[in-house]
Structures are given as structure tokens and as C-alpha cells.
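Counted the way UniProt numbering counts, the sequence shown spans residues 1 to 268.
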Amino acid sequence: MDELRGDRAVWTFDGEAVSIRFHTGTFKNAMLKELGRCTVPVAAVSSVDFHLSDSKRKRWALRLRMHDRTDPYTAVGAMLTEKSQPFYLVGRADSELIAENLADQIRFAAGRAAEERAQSAQPAQAGPGQAEPAGSAAPGPHLARRLVPPLPLHIQTSEGTAAFDGSAVRLIWSGGMTSSHKKKTQRRVFALADITDVEWVPATDSGNGHLRINTTEEDAPEVTKPKHDLSCLLCGEGEENARALMMAATVTAHLWTRDQGTTGQLES
Numbered sequence: 001m002d003e004l005r006g007d008r009a010v011w012t013f014d015g016e017a018v019s020i021r022f023h024t025g026t027f028k029n030a031m032l033k034e035l036g037r038c039t040v041p042v043a044a045v046s047s048v049d050f051h052l053s054d055s056k057r058k059r060w061a062l063r064l065r066m067h068d069r070t071d072p073y074t075a076v077g078a079m080l081t082e083k084s085q086p087f088y089l090v091g092r093a094d095s096e097l098i099a100e101n102l103a104d105q106i107r108f109a110a111g112r113a114a115e116e117r118a119q120s121a122q123p124a125q126a127g128p129g130q131a132e133p134a135g136s137a138a139p140g141p142h143l144a145r146r147l148v149p150p151l152p153l154h155i156q157t158s159e160g161t162a163a164f165d166g167s168a169v170r171l172i173w174s175g176g177m178t179s180s181h182k183k184k185t186q187r188r189v190f191a192l193a194d195i196t197d198v199e200w201v202p203a204t205d206s207g208n209g210h211l212r213i214n215t216t217e218e219d220a221p222e223v224t225k226p227k228h229d230l231s232c233l234l235c236g237e238g239e240e241n242a243r244a245l246m247m248a249a250t251v252t253a254h255l256w257t258r259d260q261g262t263t264g265q266l267e268s
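In C-alpha cells:
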């Protein structure tokens, strides 16, 4: 296996997938430490970027870009800083050749995977009186589930907890920063079938962040400030920020798989 060490992780490539093991030291990024590790199938990779910096401090940068609906972190983490990007790696110039070679290998493997999908998506020859079978060269959203933590997933913040078991998300408000409105309600359960999307807003020096569950419910509580919103769980900076993002990404990955299954049923 080819191994590459960078600023935030160690990448290992076996020809089929990139295994990423994030650094977990005291001063390392909270989001990446919370993620710990993940495995990226080459089938999920759309392109590979590699470049050298033009500054005096020569460094290389390697980035994996994913196919549509296969990267839940990008989908919910539009406000992620560059240091929190899980599929981005920066390293010193003395490992440039190793990094560039690995980029070429991943790029080649991803291209080969795309060609195989295209071939398998070609409609087979139909018999007399039979319709041509349809196919798609796009990778399935199920790949996104390989990038997120396994279920059940449970997180805790200063306001309470959020749990996801694959069928529903449960918010329980029991922490010290919980408003009186939320304390009266105590908890709320969101069936996966009713969820449209999940939002993550990071905490900053000026205020808390939050996780918000949006649904199709006609009688859903009126949207208000996150502190009082019964669709939200507040989060602080650091680890709480990371946990809330992890929950948002995980639910999003399962929503994509759900939607793919629904589309398949409608088309069949």
C-alpha cells in the first residue's frame, strides 16, 4: 500500500479506496479528531487536484473532489474552514514526488471506476417486445454512508443530546443552556421519512452554533431563534461543533440513500 503523511492525516491507498487516518494530537482540528478515520472508495471520487504553492515555504496540496451526493460533509459544511476539510491534505516539499504519484494513482483508479460504471450502465440488448432496460453511470448515494460514522450515532452538547438510529432523529433538551420553552417540551422525534434536510451552523466567538432538522410536517412548530426552535440543538465551539456537524452529515447521507430508494420504486 502507498502511504502519504500530511498536515492533518495519513492517507493509504490500496487501489480500490483511500483510507484516511486523521491526527488526534492535543492541538489538532476538533472536527477531524471527532471523525477519526474514514475510507473513501475510488468510485466516489470525481477528480483529484494536486498543486505546489508559489510561496517561499514550498508545500504541496492534494484534494479529492467527490461526485454529486456522495460527500455529505461538503453538503452540510459550507462554512467549514480549510483546516477542517476532511478530503484535503497539505505536506512539505520533500514528499512532493510521493504525493504527486499518489494523486496520479487515485485519479487513474477513479477514471477506471467511472468507465466500468458507464459500461455496466449500457442498456442490454432487449428481446422481441421488451423495453430497453435503463441504466445510469452515476455512482450511487449509498457511497456517502461509507464516509460517515456507523449507527447508532449519539452526540451531546451543552443544550442536550441528539441520537440517530437510521429510522429517526431524537433531540432531547436537558443541558444547562436549555431555554424554558425547550425544557417544557423536553424532547422531539423526527422520523427519517419526514426529514427534508439537515442544517449545520458552526459556533463562533460571538455565539452558539446549531443543528437544525427540517421536515415536511404541516403542523411543525413555527421557526424561531435556534435557542427556542424545537427543531434545533445548540452547540458550542470545538468538540460540540464537530459533533453537530458529524450528526448533520450522517443524517444527510442516509437521506440520500432513502431518496435513491424512493426514486427507484417510482421508476420500477
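Glycine included, every Cβ here is placed at the ideal spot set by N, Cα and C.
Quick caveat, the model's predicted, so the values are computed rather than measured.
Annotation: G36 to S55 spans about 31 Å, alpha carbon to alpha carbon. Proximity of the segment 70 to 80 to the segment 2 to 12 falls short of the contact definition, fewer than three beta-carbon pairs being nearer than 8 Å.
Cα atoms of H254 and S231: separation of roughly 18 Å, rounded to the nearest angstrom.
L192 is not a Cβ neighbour of A162, given a cutoff of 9 Å. As computed with DSSP, A61 is found in a beta bridge with H51, V90. Listed as beta-bridge partners of Q156 by DSSP are T161. G175 and R57 have their alpha carbons spaced roughly 46 Å apart. Note that the segment 143 to 150 touches the segment 242 to 257; at least 3 beta-carbon pairs, one per stretch, sit closer than 8 Å. Put simply, the segment 106 to 114 touches the segment 8 to 19. At least three CB pairs are less than 8 Å apart. Residue environment: E116 is assigned as exposed (fewer than 16 neighbouring CB atoms within 10 Å of its CB, all protein chains considered). Burial of S84 is indicated by the presence of at least 16 other C-beta atoms within 10 angstroms of its C-beta.
In the same chain as T185, and ignoring 5 residues on each side of it, the C-beta atoms closer than 8 Å to its own belong to W173, L230, in chain order. If the five residues before and after T178 are omitted, its C-beta is found closer than 8 Å to the C-beta atoms of E159, G160, all from its own chain and listed in chain order. Within 10 angstroms of the beta-carbon of A9 lie 16 or more other beta-carbons, which makes it buried.
In the three-state DSSP reduction, F27 falls in the coil class, being neither helix nor strand. Sixteen is the threshold: when 16 or more other Cβ atoms of the shown chains lie within 10 Å of the Cβ of G209, as they do, the residue is buried.
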